[in-house]
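Residue numbers (the numbering used here): -5 to 691.
Beneath this line is the structure, given in structure tokens, with notes to follow.
Given below as structure tokens:
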């Protein structure tokens, strides 16, 4: 039985949440949880319980300061006290249970004999049923030997080690799980009516309750991931409080719109204010009219790409092949997947829906023996091709298909379709993972081995790493749909490792941590901070260029938070990456004489400065850009950007509204093939993301 079906069957009535690094940041106390919980708490009758290592007075102080909302109960001191917040009193009956076999003096005598460096935590963390110590980097064997020391002394206690530095010695019945179980019995609730959440090993006892539901936040320690991997838990993509909000939406305790409330308002930023002020003088009605016209034209353009095998890259009828251009008459994995994702809002159109489905089938039915998704499948003879022209690689093709397959089944809920192809997708994930040749969680990409063919990026490329992170999340979510929670947890956990590696390697900072190892590529930190994720790193060098698509996808896919995304947006506005049309795919362009310049950039004059992948304008990238701006909370700016995108799509080589492949980065003149499927699909996606149909004139 899937997690979703279990949620429907057993309505959740009590929440038991850890506090530090689960609901709030341990150091800054930052969190959106209080604001959002208080906004929606009247919509449900769920009992809110804090289950924390903090002592009661400490928790009450956080509530008084407005850091946390008022709960119903507080389980404090790692399960040593239960406090009824409404009554303002401790549940004394629970303490009677803890007295059995507990001797504080004997505990201290045994701890003093431990040879590993150990020190007392401050007195505010101690009380009569809890002794807490700093105990750094203890091995599993060492913890087990301490447990044996207590057994040898005929003392039955509970040892809790968490965060790789905190050691708690508690009465044998004292832990977060036992205290929660006692509270449930008192309230007459069953454990399958409970949702628990945490981030570290001292939360594991909560997850031990039979049939309990769980949330493990993205910043959780490996110890909790490993402990809960076979349990019914939801692994969030967001960290701390935002992760809890994400989990509460998944468990249908909060509504979807709660996510909107996590956005931070940056409208007073100087650059943003200037942009909004310039928009205010424009004719909104006229813009909306063109945007709506573009939406209808985009659907027409999309339908020109419907073939028996799936979406073609461009309209066959409107593009006469010339030489190597014949490969456009194919179902391309990358183009097809992005088109499927962009057109999912049209799932009720049977013709489009069948083409979405057939695109995925065509690609998965032609998977190679070792798990490689073809770069394309030719329409005329249905032959798969696993590379581009001249044998060039296409690593991202398979990644996009994994993501698109998840997005498709997430919308259609077609579990039967998922079951049929999950084995093929797993093989693809294995094939992709083999490109992590040094086991650092990042993929090593051959030169010009992704969508920027004939553009010389290589090794760890931002765009590919973002997709790799997202594909691990998507595959984990698909396994969750099938009820494979243990395997799903492994992929979700690994996705968080990938995310941390991306941020550490691609967002250079002068704020280097003391004693942190620094690779050759990471020595860039001595040169200053960036306002964006850099384009690539290798063991030998790095590129400071801003890969616009990579940065946009990083925020849309949750690899970076809103604060970093806002810095990136501000940088792109400042350099004019979105002028005259949204949006150049790279900044700055590579010019002859630049160390990054390659002689083959002149082949067919494709990658001259401001051409093609070297600073050209790609309408499908523009669609992602509009969604990026909207996700930041700047809807008016996003509408203005969508209007500019409508203008570039209206430009044509032969007639209006050709949704061409790309445009010149300076002149905006249309280039490439007409009626490009992904250009149309991502315009449709951006239009729906902004909910334009609901806009008042």
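Where is the CB? At the ideal position from N, CA and C, for every residue including glycine.
Computed from a predicted model, the values in this text were never measured in an experiment.
DSSP three-state call for residue i: helix, strand or coil?
i	result
residue 120	coil
residue 675	helix
residue 561	helix
residue 464	helix
residue 37	helix
residue 708	Outside the displayed range of the chain (-5 to 691) lies residue 708, so it cannot be described from this structure.
residue 593	helix
residue 45	strand
residue 168	coil
residue 539	strand
residue 224	coil
residue 301	strand
residue 395	helix
residue 647	coil
residue 189	strand
residue 108	coil
residue 691	No answer about residue 691 holds up, because its pLDDT of 37 lies below 50 and its placement is not dependable.
residue 416	helix
residue 9	strand
residue 578	strand
residue 453	strand
residue 337	coil
residue 239	helix
residue 55	helix
residue 439	strand
residue 551	coil
residue 229	strand
residue 388	coil
Per DSSP, which residues does residue i bridge with? Please list them.
i	result
residue 379	370
residue 605	608, 609
residue 694	The requested residue 694 is not part of the displayed model; the chain covers only -5 to 691.
residue 637	The partner list for residue 637 (beta bridge, DSSP) is empty, contrary to what the question assumes.
residue 664	657
residue 152	164
residue 326	370
residue 84	77
residue 67	43, 78
residue 207	189
residue 114	127
residue 14	18
residue 531	454, 536
residue 308	670
Count the other C-beta atoms from every protein chain shown that fall within 10 angstroms of the C-beta of residue i, then say buried if there are 16 or more, exposed otherwise.
i	result
residue 314	exposed
residue 290	exposed
residue 569	exposed
residue 694	Only positions -5 to 691 of the chain appear in the structure, and residue 694 is not among them; the question remains open.
residue 49	buried
residue 457	buried
residue 424	exposed
residue 230	buried
residue 543	buried
residue 344	exposed
residue 535	exposed
residue 436	buried
residue 241	buried
residue 133	exposed
residue 553	buried
residue 428	exposed
Considering Cα atoms alone, identify which of the options is closest to residue i.
i	options	result
residue 532	574, 637, 439, 59	439
residue 686	287, 65, 243, 44	287
residue 607	562, 535, 447	447
residue 671	64, 561, 109, 304	304
residue 312	647, 165, 170	647
residue 76	178, 549, 116, 612	178
residue 321	370, 684, 102	370
residue 199	120, 12, 81	12
residue 550	333, 463, 208	463
residue 432	450, 454, 116	454
residue 611	618, 578, 587, 468	578
residue 351	498, 381, 295, 408	408
residue 396	630, 452, 330, 442	330
Point to revise | Segment contact, 8 Å Cβ cut-off, at least three pairs: the stretch 562 to 577 with the stretch 406 to 418 | key: no
**Study point:** Given 8 Å, three or more beta-carbon pairs between the stretch 387 to 405 and the stretch 360 to 376
**Key:** yes
Practice item. Say whether the stretch 89 to 98 touches the stretch 155 to 165, bearing in mind that this needs 3 or more beta-carbon pairs closer than 8 Å, one atom from each stretch. Key: yes
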